[in-house]
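Take any residue in the sequence shown, count from 1 to its spot, add 208: that is its number in the working numbering.
Beta carbons are placed, not taken as given, at the ideal position from N, Cα and C, and that holds for glycine.
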Amino acid sequence: MSTRNRAIVGATLVAVLGLFSTACGGATTSTTTGAWSFKDDRGTEIKRDRRPVTIVAESGMAAALWEYGIKVKGVFGPQKKPDGSRDPQVGNVDLSQVTDLGQEYGQVNLEKLAVLKPDIVVTSLQGKTVWGIDEGALGRVDGIAPIVGIQVAAKDTKTLIGRVEDLVTALGGKVDGDPVTRAKADLAKAEQAVRDAVAAKPNLKVEVVNAGKDALYVTRLDYHHDVRYFRQLGVNIVGPAGADESWETVSWEQASRYPADLILLDNRLFSLQNDDLKKTQPTWTKLPAVTAGQVGVWHTLVPISYAANVIVLNDLAATLTRSTTL
């Protein structure tokens, strides 16, 4: 699989988790002593002699755990942009406090991993793919520490957060502390802001895309967690149905296949942005939403947390409010 295809399949940072029952997702203990177990989304029962303390995680999962006070010791996957600034996928993780285990997709530094002696390695699952670890290295990683896989396909954001909280609880973290409680309340307000914006313009059509040099990638309605979430809040997303794949690939000649009043454009580095597209893709400039200046941001790599999604929803509400039906 190419780097671009890996990135596209993994929207967002990108990602969606199932909210399982206690029997499917809980630890057997709440202290650092005594046996510990957690059933991950492969159905694998991960067992340890005690609750994990030394944790390594893929960037997105590290960011999610960090929001709840679970401080991982090592991170693999995107951490910094080419200009040296923080990659949004790693969220608020203090990079000065963690070991960088490799930022190129799949290339986990096994020597550094072994030195850390982790209790578990946490990453996401894209269908059957264990994200961020080359298939040929899975056995070696698992030999150092068992992999905990969290599925990020065809779920919604709130369900995804719930599944992360299953793991946080199992690891001894607090899911009802003051910061989280405040963030949940703020998220409820942001959700209402989106509903109000939708109610004011019920016929506004929104398309969510990633743009490449050779094609436009239109998100499927039921694959990406945030797109599902937006739809639950009433946003009229247009695009291909289904959840088996993340995108429909549309040639630039067919870029108008799904007419929209507003386009949300993937803000990741590998997606071309509005200014570049205006210079290089004539068909882009002819789209009504682009002509009207109604191109917003699709925030694909925010941490899986209430606080991060407050920012996303408030931005969405503002974008909807300033857009008009064309």
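- Residue pairing for Trp244: DSSP places it in a beta bridge opposite Arg256.
- The alpha-carbon of Thr527 is positioned some 46 Å away from that of Glu319.
- Approximately 24 Å separates the beta-carbon atoms of Val329 and Ala362; this is outside 8 Å, ruling out the contact.
- Within the DSSP secondary-structure output, Ala265 pairs in a beta bridge with Val283, Val330.
- A residue is called buried when at least 16 other Cβ atoms come within 10 angstroms of its Cβ; Ala525 meets this threshold and is buried.
- Around the beta carbon of Ser332, a 10 Å sphere encloses 16 or more other beta carbons of the protein chains shown; the residue is thus reported as buried.
- When C-beta atoms of the region 373 to 390 are compared with those of the region 276 to 288, three or more pairs fall below 8 Å, so the two segments count as touching.
- Inclusion of His433 and Ser454 in the CB contact set at 8 Å is not warranted, their separation being larger than that value.
- Val372 sits close to Ala272, with the two beta carbons spaced by under 8 Å.
- Gly447 and Tyr425 do not touch by the CB rule: their CB atoms are close to 10 Å apart, not below 8 Å.
- By a beta-carbon distance limit of 8 Å, Gly285 contacts Gln311. Their separation comes to about 7 Å.
- By alpha-carbon distance to Asp452, the top candidate from Phe438, Arg428, Asp469 is Arg428.
- Listed in chain order, the beta strand (DSSP E) runs fully inside the region 319 to 366 are 328 to 334, 355 to 359, counting runs of at least 3 residues.
- Checking the DSSP bridge columns, you'll see Trp455 partnered with Thr427.
- Every alpha helix (DSSP H) stretch that sits fully inside the region 457 to 497 and reaches 4 residues is listed by chain position as 482 to 488, 490 to 493.
- Residue burial is scored here from C-beta neighbours: Thr365 has at least 16 other C-beta atoms within 10 angstroms and is therefore classed as buried.
- Taking the Cα of Val503 as reference, the smallest distance to any Cα among Leu509, Val510, Pro511, Lys494 is reached at Lys494.
- For Glu312, there is no enclosing alpha helix (DSSP H), as DSSP gives it neither H nor E.
- Check the Cα spacing between Lys336 and each of Val316, Ser293, Leu375, Gly357: the tightest is with Gly357.
- Cβ-Cβ separation between Gly268 and Gln297: approximately 5 Å, consistent with a contact (criterion under 8 Å).
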